[in-house]
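A.B. asks: One structure, as structure tokens, below. Some questions next.
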Amino acid sequence: MIKKIAAGIFPRLLKKVPKDKKWLYPFYLAGQLHLSEETYESAHLPAAFDNLSIAFLSDIHYGPFLRKEEALSVVQKVVDLDTDLIILGGDYGDIPTNSLAFFNLIPAFPADKTVLAVLGNHDIGARHQIIVPDILDAMRAKNIIPLVNETHIITREGKRLAVCGPDDKRCGRPDFEPLIAASQDADFVFFIPHSPDLIPDANAADFAFHLALCGHTHGGQLVFFGRTLHSSSIYKDRYRSGWYQENGVDIRVSNGVGTSILPMRIGPVPEIHHIVLRVKA
Numbered sequence: 040m041i042k043k044i045a046a047g048i049f050p051r052l053l054k055k056v057p058k059d060k061k062w063l064y065p066f067y068l069a070g071q072l073h074l075s076e077e078t079y080e081s082a083h084l085p086a087a088f089d090n091l092s093i094a095f096l097s098d099i100h101y102g103p104f105l106r107k108e109e110a111l112s113v114v115q116k117v118v119d120l121d122t123d124l125i126i127l128g129g130d131y132g133d134i135p136t137n138s139l140a141f142f143n144l145i146p147a148f149p150a151d152k153t154v155l156a157v158l159g160n161h162d163i164g165a166r167h168q169i170i171v172p173d174i175l176d177a178m179r180a181k182n183i184i185p186l187v188n189e190t191h192i193i194t195r196e197g198k199r200l201a202v203c204g205p206d207d208k209r210c211g212r213p214d215f216e217p218l219i220a221a222s223q224d225a226d227f228v229f230f231i232p233h234s235p236d237l238i239p240d241a242n243a244a245d246f247a248f249h250l251a252l253c254g255h256t257h258g259g260q261l262v263f264f265g266r267t268l269h270s271s272s273i274y275k276d277r278y279r280s281g282w283y284q285e286n287g288v289d290i291r292v293s294n295g296v297g298t299s300i301l302p303m304r305i306g307p308v309p310e311i312h313h314i315v316l317r318v319k320a
């Protein structure tokens, strides 16, 4: 109910709210996109993949709270990073039809770039699963490789890096068996679930990986005194934002780009990521 009311009121309101005025802090912060530049070191990374660069983008939520110009701008920012690999972490629209509209809107990614993508709960929806094949086709038309319980292998100098993309935990049907089968001979394994809520499930399924890149939480979106006002995670603040380590693996949870329910943020800044992999001595 709150979401429907917000979707009806805030798009009209946002047209009149200047996002460059700091005194309107929650609205202002929601419009301040930050580039998070990070170096990730791992002793497990083969030398062949030393200096591999990754752009990571999640939770755009194209729709009433994020306009066409903003959607096009954030995609261009990611392309301009000129990385070896681009990973899209799901929730491209606020509802499945807007996820489809997002991919129809954006230009194709450069053909010489490897762009991998997973689906989020807002892309699938509770009653809109019929549109998922259309979203996947729209991705492919823009030179994006969708991963739905699938793995993409990158080979360098005889070494194999596996990028494993599961279906969404909340609205999809994640299956670890094909991910395990496809990645068991890889030298380094990326896990890119839309939601970090799938991390404990991966551990329970004995799915081995080295680094997970996740979205979904929006960094909490509205955080007061270190606690999320309304968490989208079943684990609350366990995987709210930033870097974590569990069971010997590293996890990076993004604040994402857009917003959900309310077009405002308090605390976590919207972000895209430029991550460089390095071999740890």
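Residue 58 in the numbering used here sits at position 19 of the sequence shown, and the numbers go up by one each step.
Backbone N, C-alpha and C define an ideal beta-carbon position, used for all residues, glycine too.
Does the stretch 87 to 101 come close enough to the stretch 254 to 263 to have 3 or more Cβ pairs within less than 8 Å?
C.D. replies: Yes, the stretch 87 to 101 is in contact with the stretch 254 to 263.
A.B. asks: Applying the 10 Å Cβ sphere with the 16-neighbour rule, what's the burial state of D206?
C.D. replies: Buried.
A.B. asks: Per DSSP, C203 forms a beta bridge with which residues?
C.D. replies: DSSP, once it has assigned bridges, lists T190 and F230 as partnering C203.
A.B. asks: Going along the chain, which unbroken runs of the beta strand (DSSP E) with 3 or more residues stay wholly within the stretch 73 to 159?
C.D. replies: Segments of the beta strand (DSSP E) lying fully in the stretch 73 to 159: 73 to 81, 92 to 96, 124 to 127 and 153 to 156.
A.B. asks: The alpha helix (DSSP H) that contains V288, what's its start and end?
C.D. replies: Taken as a continuous stretch (DSSP letters only), V288 belongs to no alpha helix (DSSP H), being part of the beta strand (DSSP E) at V288 to V292.
A.B. asks: What whole-angstrom Cβ distance do K181 and A147 have, given they're in contact under 8 Å?
C.D. replies: With 8 Å as the limit, K181 and A147 qualify as a contact, their Cβ atoms being about 5 Å apart.
A.B. asks: Which residue from G70, E77 and S272 puts its Cα closest to that of I314?
C.D. replies: Measuring from the Cα of I314, the nearest candidate turns out to be E77.
A.B. asks: Do the stretch 173 to 190 and the stretch 156 to 163 meet, that is, are 3 or more Cβ pairs less than 8 Å apart?
C.D. replies: These segments touch.
A.B. asks: Just to confirm the assignment: which complete beta strand (DSSP E) runs, minimum length 3, are found wholly within the stretch 219 to 267?
C.D. replies: List check, beta strand (DSSP E) in window: 227 to 230 and 250 to 253.
A.B. asks: Return the Cβ separation of L261 and R304 in integer angstroms, given the expectation that the two are a contact with Cβ distance under 8 Å.
C.D. replies: Right, their Cβ atoms sit about 7 Å apart.
A.B. asks: For the alpha helix (DSSP H) containing L175, name the first residue and the last one.
C.D. replies: Note, L175: alpha helix (DSSP H), V171 to A180.
A.B. asks: Can you list, in chain order, the residues of its chain with a C-beta nearer than 7 Å to that of P85? Leave out the 5 residues immediately preceding and following it.
C.D. replies: Excluding sequence neighbours, P85 sits near K198, D226 and F227.
A.B. asks: Consult DSSP for W62 and reduce its assignment to one of helix, strand or coil.
C.D. replies: The predicted position of W62 is uncertain, since its pLDDT is 41 and thus under 50; no value can be drawn from it.
A.B. asks: Helix, strand or coil for L301? Go by DSSP, reduced to three states.
C.D. replies: L301: coil per DSSP, three-state reduction.
A.B. asks: Distance check for F248 and D224, CA to CA, integer angstroms please.
C.D. replies: So the alpha carbons of these two residues sit roughly 12 Å apart.
A.B. asks: Whose C-beta lies closer than 8 Å to the C-beta of N143 among residues of the same chain, with five residues either side of it excluded?
C.D. replies: Once the five neighbours on either side are set aside, the close Cβ partners of N143 are A177.
A.B. asks: Given L200, which residues of its chain have a CB within under 6 Å of its CB, disregarding the five upstream and five downstream residues?
C.D. replies: The answer, listed in chain order, is F88, I193 and F227.
A.B. asks: Where does G281 land, buried or exposed, given buried means 16+ other C-beta within 10 angstroms?
C.D. replies: Exposed, by the Cβ-count rule.
A.B. asks: Identify the continuous beta strand (DSSP E) that holds H313 and give its terminal residues.
C.D. replies: Segment E310 to V318, the beta strand (DSSP E) holding H313.
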